[in-house]
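> Once you've had a glance at the structure underneath, I'll fire off some questions.
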Amino acid sequence: MPRSIAFSLAATLLWGVWGITAKLAADRLGHWPSLVLYSAVSFIIISTMFALSGSSLRHLPLRGGLLAVAAGLSGGLAVAAFQKALSCGPLSSSISLTALYPLIPVLYGAIILGERVTVARGTGMVLALVAGVLLCF
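Residue numbers (the working numbering): 1205 to 1341.
Written out as structure tokens, the structure is:
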């Protein structure tokens, strides 16, 4: 099995566990306390992995650094919005709708980068939207 597939499967499994535990935490602690607590734990894990990797933040290209900051900004806001969704409603709706996020970069690729949307990919996008709507009700 290619490493990319193994890591993708691990991420999928862990995101599934995260979604459930984030909902349970929000129900018991509230939106902000649960968000701050699990974000702090995430920061510790990622910082430790970074330190152990031997990587450095010195001499980063400006454009790459700005893109990383933009990714952190959008990711942080997305996690805050997701956690709020979990605290306001059912897990099934929140997970189903947020699982549609890959449609955004696919559309970006088609509209901005000129990537071709095949019939199969277009059909998949429509079916994903239908599935997202159906899973919310």
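Quick reminder that beta carbons are idealized off the backbone N, C-alpha and C, glycines included.
Taking the C-alpha atoms as reference points, what is the distance between S1208 and L1218?
15 Å
> Beta-carbon separation of L1243 and A1229 under 8 Å?
The amino acid occupying residue 1243 in the given sequence is Ser; Leu does not appear at that position. Going by C-beta atoms, S1243 is not nearer than 8 Å to A1229.
> Quick check on this structure: which residue in P1206, T1225, L1317 has the alpha carbon closest to the alpha carbon of L1290?
T1225
> Under the three-state reduction of DSSP, which class applies to H1235: helix, strand or coil?
helix
> Would you mind sorting F1341 into buried or exposed? The rule is 16 or more other CB atoms within 10 Å of its CB.
exposed
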